[in-house]
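A quick write-up on the structure given underneath.
In our numbering, the protein residues as written are 42 to 192.
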């Protein structure tokens, strides 16, 4: 899936940026970007608050508890952003795909993408993907880790 994949935690360090809710730039520092598509996934998962140590991953062993947590998370997204009926369509979900993962992607639109996944019945799986993908390194709010760095 990743051409020229250097292997886990062997890729170059990179800044990952997206626009926060107030228009400020959120900058994350990823020590090892092993595959370029990870840039978009990290900003998406961070904007949702679903990185490995941002959600209670111990609940994954209980599917009902994990789905219940995801239901609360999905409700939180909608309560935070108050998405309109016009925004919560499959068409909007598809139309936003090309630009939300770019430098112009905003936290609100990344959250809307996650909320679409919730409405389509894939929120728990998406949250599990994010939790497994990466974490905020301990004691930081902007340093991204992967794999053993997140254990």
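Think of the CB as a built atom: it goes at the ideal place given N, C-alpha and C, for glycine as much as any other residue.
- Annotated as distal: residue 175 and residue 157, with beta-carbon spacing of 9 Å or more.
- When DSSP assignments are scanned along the stretch 110 to 143, no uninterrupted stretch of beta strand (DSSP E) that is 3 or more residues long falls wholly within it.
- Collapsing the DSSP output to three states places residue 66 in a strand.
- Nearest Cα to residue 149 within the set 53, 58 and 63: 63.
- With contacts defined as CB atoms closer than 9 Å, residue 61 and residue 171 fail to qualify as a contacting pair.
- The residue among 137, 154, 177 and 101 with its C-alpha nearest the C-alpha of residue 118 is 154.
- Taking a cut-off of 8 Å for Cβ pairs, the stretch 177 to 186 and the stretch 103 to 111 do not touch, as fewer than three such pairs fall below it.
- Minimum Cα-Cα distance from residue 162 among the listed residues 121, 55, 109 and 58 corresponds to 109.
- A direct Cα-to-Cα measurement between residue 168 and residue 54 gives close to 25 Å.
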